[in-house]
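Q: Pasting a structure below so you can have a look.
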Amino acid sequence: MSRRNNAVRGPTSALTEFLRESGITPTTIARRAQTRAANEAQAAARPAAGPSNQAQQEDGDVVMEEAQSSLPVDGYASDNLDEPDEPAPKKRRQNKATEAKQKEKEKAKAKKRANKGDDDDYEDDGHEDPYSALSKMWKGDLPKPPIGSFEKCARCEKQFTVTKYTLAANPPPGWLCHICAKSSGADPFKKPAAPRKRKPAADKRNVVSYEERRFPSLASVCIDVISKHIDDVEALGDIGTMNVEEIAKALAKNRRLTPENVMLFYDIENVRLTLYDATNLKSPALCALASLNPNLTHLRIEFCGHMDDAVINTWATSMPRLKRLELLGPFLVRPPAWQAFLEAHPGLEGFLIIQSPRFDIECVRVLVESCRNLKELRLQEIGQMSDAFLECIKPLGGQLIYLDLSKPGIGDAVSEKALISMLEAVGDALEYLDLSGHLNITDALLFRGLKPHVPNLSSLVLNNTPDLTDAGVAEFFDNWNAARLSRFSMRGNHGLADAAIGALLNHSGSELTHLDINGWKDLTEDGLKGIPAIATNLKRLDVGFCRAVDDFFVKSVLERCVDIEEIMVWACQRLTEHCPRKRNVKIEGLELSN
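Letter 532 of the sequence shown, counting from 1, is numbered 620 in the numbering used here, and no numbers are missing.
Below is the structure:
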């Protein structure tokens with residue numbers, strides 16, 4: 089039974105429902121199209137038709153209208169799409185004029201198919217897919233009416249004149265008058281936004297932080313393979329002591345060192361051991377380190393955040409020959425454990441720790457009293473640093489050659505007077521001094537602390553001490569008769585400029601191998617010229633954030649400093665893609681165009 093005449097309807101789309109509510113249905117569309125076609129056929133047949141066939145034509149029209157109500161032509165009802173095709177009614181006999189016109193249409197369609205070359209796949213209008221016919225009919229791509237013509241507004245139904253600013257109704261069909269277009273929120277006079285041009289790849293900047301090796305050495309390839317299969321420790325066998333440190337560095341890049349594969353680096357005959365990233369080594373693994381390497385004299389472990397009292401107590405009894413200990417991040421070790429360890433190792437010559445907030449004044453006192461031969465001391469980023477710490481260090485005078493008290497927990501916790509007093513006590517033998525981050529340091533420290541009491545200094549680091557002046561630093565180096573410096577760093581001191589660099593180069597230029605003047609923003613081209621002209625033995629140079637650095641300066645450094653290995657040029661905006669390069673020299677921070 090056909091569903092055409094009953095009240096049951098299947099699901100329809102939102103568009104079909106909207107059109108039905110507006111009085112637009114496939115039946116009405118088909119009726120309109122069929123009526124138009126019938127009128128055209130009737131008009132074409134009138135000249136040839138006589139009185140005898142007029143009645144026949146009228147009868148044909150009546151029959152056509154009756155068939156129209158029951159079977160749509162070229163239209164599809166959504167209720168009938170899934171029904172079996174009903175038998176078509178018998179065709180009425182058509183007059184000669186209508187037959188001739190249909191033949192002409194068929195010839196035109198055949199010719200069109202031949203031109204397209206789609207004889208096999210082409211489907212004419214009579215064979216449309218009923219599921220897509222309706223969507224094709226309402227594409228909404230009707231052309232805009234000519235400017236100056238009259239149209240009826242789709243919203244207010246008033247007649248208006250079409251201009252180039254006339255907007256289409258949304259939802260279609262139809263057009264909106266100027267008033268309705270503005271009330272809808274659209275701006276008829278708004279110019280279309282210019283298409284955003286995609287930035288050419290050649291204009292994009294690429295920050296080059298290192299230069300890759302085009303052809304890796306055989307040793308580096310082997311190290312990469314070992315690092316990749318590091319978990320198969322037993323199968324690796326003996327890899328030789330020369331490559332152990334390189335493998336340790338490779339593992340530290342992606343933190344692959346674990347309690348299982350760390351055994352690769354353990355040996356009862358080890359006297360030196362370096363682990364660059366012990367993040368994954370828990371307390372039991374660090375305790376096992378001491379038991380499996382009892383003869384260690386030099387131990388360096390970075391990122392040892394899991395070290396606790398149990399570890400340091402195990403080390404106190406298991407590594408009696410230890411002479412130098414370097415740790416980064418032993419946060420969990422408490423003062424009693426530190427004191428017990430220091431008392432158990434009176435032969436320590438180097439004690440270097442970074443970021444140990446529980447290391448207090450009592451630990452310093454035990455360190456100085458127990459380790460009489462201490463030559464290297466680093467207490468960096470110690471939260472409890474104060475003037476009292478410096479008083480405890482004074483007995484080490486005459487034997488300390490390395491002293492690092494940089495980056496205290498509170499920048500102004502240590503007074504300049506206490507620093508000068510300490511240098512007076514321990515400065516005679518000092519070769520390396522780092523007092524970075526002490527905000528109370530002024531030019532007075534240079535003239536009253538370094539100049540009279542530190543004659544043998546070869547490395548000076550005073551980063552982030554903003555009260556130092558350009559004139560004061562220049563005068564200090566002009567009048568300092570001590571040995572020449574090989575390493576100098578005053579990065580982050582924005583007040584220093586040409587006078588300071590000129591005096592430094594005149595004093596130590598020929599001996600400098602490491603120079604860091606990052607952040608000397610007021611340094612001019614004239615001040616920079618002296619670096620490659622005098623400091624020809626440089627190996628590492630950091631001129632980041634120096635505004636005057638350009639391609640010519642880098643070229644001069646590469647040509648005159650024959651031993652240069654690394655140049656840091658971060659935020660040097662005058663450098664271009666034409667910046668010169670040199671094989672085996674890393675230029676970090678250079679911004680280039682692809």
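Note that beta-carbon positions come from the ideal geometry of N, C-alpha and C, so glycine has one too.
Do Leu436 and Leu478 have their C-beta atoms closer together than 8 Å?
A: It is not a contact, given that the beta carbons lie outside the stated cut-off.
Q: Pop quiz: Lys270 and Pro261 are said to be a contact at Cβ under 8 Å. What is the actual Cβ separation, rounded to whole angstroms?
A: Contact flag wrong, Cβ pair sits at about 20 Å.
Q: Would you please state the rounded distance, in angstroms, between the beta carbons of Leu556 and Leu550? I believe it to be under 8 Å.
A: About 7 Å; that satisfies the 8 Å criterion.
Q: Is it true that the CB of His602 sits closer than 8 Å to the CB of Arg572?
A: No, the Cβ-Cβ distance between Arg572 and His602 is not below 8 Å.
Q: Tell me the rounded alpha-carbon separation between Ala378 and Ala623.
A: Taking the straight line joining both Cα atoms gives about 45 Å.
Q: Does the beta-carbon of Val309 have 16 or more other beta-carbons within 10 angstroms, so that it is buried, or is it exposed?
A: Its Cβ having fewer than 16 others within 10 Å, Val309 is exposed.
Q: Count the CB pairs spanning the segment 584-594 and the segment 635-654 that are closer than 8 Å, and state whether there are at least three.
A: Segments in contact, no.
Q: Among Leu626, Phe535, Ile619 and Thr612, which has the Cα closest to the Cα of Arg575?
A: If we check each option's Cα against that of Arg575, Leu626 comes out closest.
Q: Bridge partners of Ile655, per DSSP?
A: Answer by DSSP bridge pairing, in chain order: Leu629 and Ile675.
Q: Within 7 Å: the Cβ of Asp355 and any heavy atom of the ligand FAD?
A: What this structure holds is no ligand at all, so the ligand FAD is not there to describe.
Q: Quick one, are the C-beta atoms of Ser371 and Ala398 less than 8 Å apart?
A: Yes, the pair counts as a contact, with Cβ atoms nearer than the cut-off.
Q: Quick check: Asn368 and Arg409, are their CB atoms within less than 8 Å of each other?
A: No, these two residues do not count as a Cβ contact at 8 Å.
Q: For Arg422, which three-state DSSP category applies?
A: It is coil, neither helix nor strand.
Q: First and last residue of the beta strand (DSSP E) that includes Asp397?
A: Segment Asp397 to Ser406 is the alpha helix (DSSP H) holding Asp397; no beta strand (DSSP E) there.
Q: By Cβ distance, which residues of its chain are closer than 6 Å to Cys634, with the 5 residues on each side in sequence left out?
A: Closer than 6 Å at Cβ, skipping near neighbours: Trp608 and Leu611.
Q: So, helix, strand or coil for Cys667, using DSSP?
A: Here Cys667 sits in coil by DSSP.
Q: On the three-state DSSP scale, how would you describe Tyr298?
A: With a pLDDT of only 47 at Tyr298, under 50, the local geometry of the prediction cannot be trusted, and no value is derived from it.
Q: Measuring only the C-alpha atoms, how far is Glu563 from Gly537?
A: When rounded, the distance between both Cα atoms is 15 Å.
Q: Verify whether the separation of the beta carbon atoms of Gly485 and Val514 is less than 8 Å.
A: Contact: yes.
Q: Using only the alpha-carbon positions, how far apart do Lys252 and Arg124 sit?
A: Each residue's Cα considered, the two are about 32 Å apart.
Q: Less than 8 Å between the CB atoms is what I'm expecting for Asp614 and Asp586, so what's the real figure, rounded?
A: Right, their Cβ atoms sit about 6 Å apart.
Q: Measuring alpha carbon to alpha carbon, tell me which of Thr553, Leu663, Gly417 and Ala257 ends up nearest Leu363.
A: Comparing Cα positions, the closest option is Gly417.
Q: For Thr123, name the three-state secondary structure that DSSP assigns.
A: DSSP places Thr123 in helix when its eight states are reduced to three.
Q: Report back the beta-carbon spacing between Ile481 and Tyr520 to the nearest angstrom; my notes put them in contact at under 8 Å.
A: No, Ile481 and Tyr520 are not in contact; Cβ-Cβ is about 15 Å, not under 8 Å.
Q: When burial is assigned at 16 or more other CB atoms within 10 Å of the CB, is Ile441 buried or exposed?
A: With 16 or more Cβ atoms within 10 Å of its Cβ, Ile441 is classed as buried.
Q: Hey, could you find the ends of the alpha helix (DSSP H) Phe353 is sitting in?
A: Per DSSP, Phe353 belongs to no alpha helix (DSSP H) and is neither H nor E.
Q: What do you reckon, are the CB atoms on Leu420 and Phe439 nearer than 8 Å?
A: No.
Q: Could you check where the alpha helix (DSSP H) with Ile481 kicks off and where it finishes?
A: Run containing Ile481: Asp475 to Ile481, per the alpha helix (DSSP H) assignment.
Q: Taking the beta strand (DSSP E) that Ala362 belongs to, which residues open and close that run?
A: A small fix is needed here, since residue 362 is Thr in this sequence, not Ala. Taken as a continuous stretch (DSSP letters only), the beta strand (DSSP E) holding Thr362 covers Arg360 to Leu363.
Q: Would you report the Cα separation of Ala118 and Glu194, rounded to the nearest angstrom?
A: Each residue's alpha carbon lies about 21 Å from the other.
Q: How is Leu103 classed by DSSP in three states: helix, strand or coil?
A: If DSSP states are grouped into helix, strand and coil, Leu103 belongs with the helices.
Q: Pick helix, strand or coil for His386, following the three-state DSSP scheme.
A: Reduced to three states, the DSSP call for His386 is strand.
Q: Tell me which same chain residues have a C-beta within less than 8 Å of the C-beta of Asn606, skipping the five on either side of it?
A: Taken in chain order, the residues that qualify are Arg579, Gly580, Asp630, Val631, Gly632, Phe633, Cys634, Met656 and Trp658.
Q: Within this structure, are the beta carbons of Ser458 and Leu430 separated by less than 8 Å?
A: For Ser458 and Leu430, yes; Cβs fall inside 8 Å.
Q: Per DSSP, Asp586 forms a beta bridge with which residues?
A: Beta-bridge pairing links Asp586 to no other residue.
Q: Rounding to the nearest angstrom, what Cα-Cα distance links Lys246 and Pro231 in this structure?
A: Distance between the alpha carbons of Lys246 and Pro231 is about 20 Å.
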